[in-house]
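This report concerns only the one structure given below.
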Amino acid sequence: MRPVVTRRRIVVTVAIITVLIVIFGIRLFDIQVVRASSLNDQSKDKMSSPSKIFSTRGDIVDRNGVVLAQAQMRYDITASPRYAKEFKRTVDGKEVTVTPTQAAVEIAGYTKQNPNEIIDAINGALAENPDSDFVYLAKSVDLNAYKAIRALDIPWVYFESAPSRIYPNGAVAGNLVGFVGSDGTPLAGLEQSEDKCVGSVDGEETYERGAKDGVMIPGSNVVTKQAKNGGKLTLTIDSDIQWYTQQLLAKQARDQGAKWGLAVVLEVKTGKLVAVADYPSVDPNNVDGTPAAFRGSYAFSAPYEPGSTMKALTASMLLDKGKATAKTHVYAPFKWTFPNGATFQDSGYHNPRQTLAGVIVNSSNVGISKLADSLSASTRYDYLKKYGLGAVSNVDFLGESTGILHDYQKWDPQTNYVTMFGQGLTMTAIQMASAYQAIGNKGERLPVQLVEQCVQADGTVVKPKLADPVQVVSPEAAHGVIQLLENVYSQGWLADRIRVPGYRIAAKTGTAEQADGRGGYSGSFIVTLAGLVPANDPQYVVLTTMSDVRVNSTAAVAPVFHDLSTYLLRKARIQPYTAGTPRFKLYW
-1 MRPVVTRRRI VVTVAIITVL IVIFGIRLFD IQVVRASSLN DQSKDKMSSP SKIFSTRGDI
59 VDRNGVVLAQ AQMRYDITAS PRYAKEFKRT VDGKEVTVTP TQAAVEIAGY TKQNPNEIID
119 AINGALAENP DSDFVYLAKS VDLNAYKAIR ALDIPWVYFE SAPSRIYPNG AVAGNLVGFV
179 GSDGTPLAGL EQSEDKCVGS VDGEETYERG AKDGVMIPGS NVVTKQAKNG GKLTLTIDSD
239 IQWYTQQLLA KQARDQGAKW GLAVVLEVKT GKLVAVADYP SVDPNNVDGT PAAFRGSYAF
299 SAPYEPGSTM KALTASMLLD KGKATAKTHV YAPFKWTFPN GATFQDSGYH NPRQTLAGVI
359 VNSSNVGISK LADSLSASTR YDYLKKYGLG AVSNVDFLGE STGILHDYQK WDPQTNYVTM
419 FGQGLTMTAI QMASAYQAIG NKGERLPVQL VEQCVQADGT VVKPKLADPV QVVSPEAAHG
479 VIQLLENVYS QGWLADRIRV PGYRIAAKTG TAEQADGRGG YSGSFIVTLA GLVPANDPQY
539 VVLTTMSDVR VNSTAAVAPV FHDLSTYLLR KARIQPYTAG TPRFKLYW
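Here the working numbering is used: the first residue of the sequence shown is -1, the next is one more, and so on.
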């Protein structure tokens, strides 16, 4: 009897399994074919949702690590309108009901809004779409507000990270640092040009949400793209010197009613920029507070005729070629006409029997032109190219200008001479500062540097590529020019206004009439004062320039030059030194 029972059990079992297989098959067919479309619609709310993983934009710091630009995380408060219903919350061990209106009041307490704004946002979204799953309740709240609202544990409220950019030192170096847009796009300055260093790339992840409440299912998130943080950009700028320079420049520019102004401090022995001040300046925290034209750096982008500061370069050529010394005589009357028809004059009457030293101190256009007539146009052009004219600096700052230096073969008779004293060509403040750096550095021009290094997120250190140094003139010629400029400092008409007692300083004034855009001059002036501090062992180039000033002379910028030179000498703890100060005869 047992074999029969066993066979029956096997038959029954097989029958049951067969029935189950048929049932599952029918069910599977029903799900995959018959009701596939409707089931897909029902499952939409449980499908993966993408979410951005925010990266961090890198800091921009000065040479001492002082932060000039920094990422700061802010937060957007969002909600799912269709789930914005009352919910339960445990308070003091008791379960209470919280209505959407009560939740709105709680949120508004931290976002400083009117609660009605939150309710209106939710109702407005539902009016447009009853199944609305997203609406902003508040944007860019700080960390404290974010934490407080999160602690409310409102099930239909969500949070989005919203990285922002802050500039802790405000307008300090703002024209250099630049700024980013509200969406994080770099728009100006180093923020834009060095985006390859400080720029970051957001990542992405997906997560599952519940169909009934829309809440993220814990542990369901999957990273599909890793975020990449930005690196740290270190500048050569000293923020303390930069701040002081900006303050001096702004005060004097306002007092003089200047349209714009510049001040540059450049290290002689390194070529590194210590300060580059622009007036007006821009605060990256409040970009709209500055006219669009002044949101970059005029020091790099606004070339101008340099005027008599160019005479130092021309003198260096004469000394380098052995065509003159400080004692060389020249007859330089107030006005002169050359055989080729070029005619020009000096800014004032003076004794015409001058030495080269007198020509530099008196800033004689006629004198420097008659002396430099011993140099061919091609020779002078080659020197100007070595000084860096007609090309952007090694910095290659965003919007940097090359200035204008026409090929000598295109110089007309007038241009052939006026280029000797700073007309017929243009250059930026950075180019002029670089030329003076060469004079202060025994004739060797070093590449101008604004960026020290970039430390990438993985720790890799990237240094900027620097051009090779250029020996423009001999050390002897450079030293001779410094001595000539020391006589401007000690014997020139501006001596009493720029003198720093106990120190030797080399300086040159320059006043240039601005072009009117029609081939002539407008009657407004750009005034410049450039020099080396201290002259006996140059450490800094100090250059300051202003446009459209009330006093059309370098007296307008003298206070900036004097106070900035004094500050630098004291900050660097340079000891007073006057031994060996040269005093040349100006006339014969």
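A virtual CB, placed ideally from N, CA and C, is assigned to each residue, including glycine.
- The beta carbons of residue 134 and residue 74 sit about 6 Å from each other, so the pair counts as a contact at 8 Å.
- The C-alpha of residue 485 is placed about 19 Å away from the C-alpha of residue 551.
- Residue pairing by DSSP puts residue 74 in a beta bridge opposite 158.
- Under the Cβ criterion (8 Å, minimum of three pairs), the segment 561 to 571 counts as touching the segment 519 to 531.
- For residue 343, the enclosing beta strand (DSSP E) has its first and last residue at 341 to 343.
- The beta carbon of residue 537 lies closer than 8 Å to those of 265, 266, 267, 531, 566, 570 and 572 in the same chain, with the five residues before and after it left out.
- Uninterrupted alpha helix (DSSP H) stretches at least 4 residues long and entirely within the segment 119 to 173 occur at 141 to 149, given in chain order.
- Non-local C-beta neighbours of residue 554 in its own chain, meaning closer than 8 Å and more than five positions away in sequence, comprise 250, 254, 256, 525, 544, 547 and 548, ordered along the chain.
- Beta bridge pairing from DSSP links residue 184 with 178.
- Taking a C-beta distance under 8 Å as the contact criterion, residue 223 and residue 447 do not qualify as a contact pair.
- Linking residue 472 to residue 422 through their CA atoms gives a straight-line distance of about 26 Å.
- With fewer than 16 other CB atoms across the displayed protein chains lying within 10 angstroms of its CB, residue 374 is exposed.
- In its chain, beyond the 5 residues on either side, 75, 111, 113, 116, 135, 136, 147, 150, 152 and 155 have a beta carbon closer than 8 Å to the beta carbon of residue 105.
- Contact between residue 323 and residue 354 holds, since their C-beta atoms are separated by about 7 Å, short of 8 Å.
- Looking from the CA of residue 579, the closest CA among 586, 480, 559 and 540 belongs to 480.
- Collapsing the DSSP output to three states places residue 521 in a strand.
- In the DSSP secondary-structure assignment, residue 501 is bridged to 575.
- Considering only 397, 321 and 405, the residue with the shortest C-alpha distance to residue 367 is 321.
- At a Cβ-Cβ threshold of 8 Å, residue 233 and residue 60 count as neighbours.
- Per the C-alpha coordinates, the member of 340, 325, 348 and 317 positioned closest to residue 332 is 348.
- In this structure, residue 303 keeps its C-beta atom at 8 Å or more from the C-beta atom of residue 388.
- Two segments are said to touch when three or more pairs of C-beta atoms, one from each, lie closer than 8 Å; by this definition the segment 455 to 471 does not touch the segment 503 to 514.
- Under the Cβ criterion (8 Å, minimum of three pairs), the segment 161 to 180 counts as touching the segment 273 to 280.
- Judged by DSSP in its simplified three-state form, residue 437 adopts helix.
- Nearest Cα to residue 71 within the set 203, 138, 361 and 498: 138.
- Remark: C-beta atoms of residue 385 and residue 443 approach each other more closely than 8 Å.
- In the three-state reduction of the DSSP assignment, residue 385 falls in the coil class.
- The shortest CA-to-CA distance from residue 535 to any of 459, 438, 453 and 464 is the one to 438.
- With a beta-carbon spacing of about 5 Å, residue 401 and residue 424 fall inside the 8 Å limit used to define contacts.
- Around the Cβ of residue 394, a 10 Å sphere holds fewer than 16 other Cβ atoms; the residue is exposed.
- A residue is called buried once 16 or more other Cβ atoms fall within 10 Å of its Cβ, and residue 407, having fewer, is exposed.
- Going by DSSP, residue 562 is part of the alpha helix (DSSP H) stretching over 556 to 569.
- Note on the segment 410 to 463: whole beta strand (DSSP E) runs with a minimum of 3 residues are 449 to 453, in chain order.
- Residue pairing by DSSP places residue 544 opposite 259 and 525 in a beta bridge.
- With contacts defined by Cβ atoms closer than 8 Å, residue 56 and residue 284 do not form a contacting pair.
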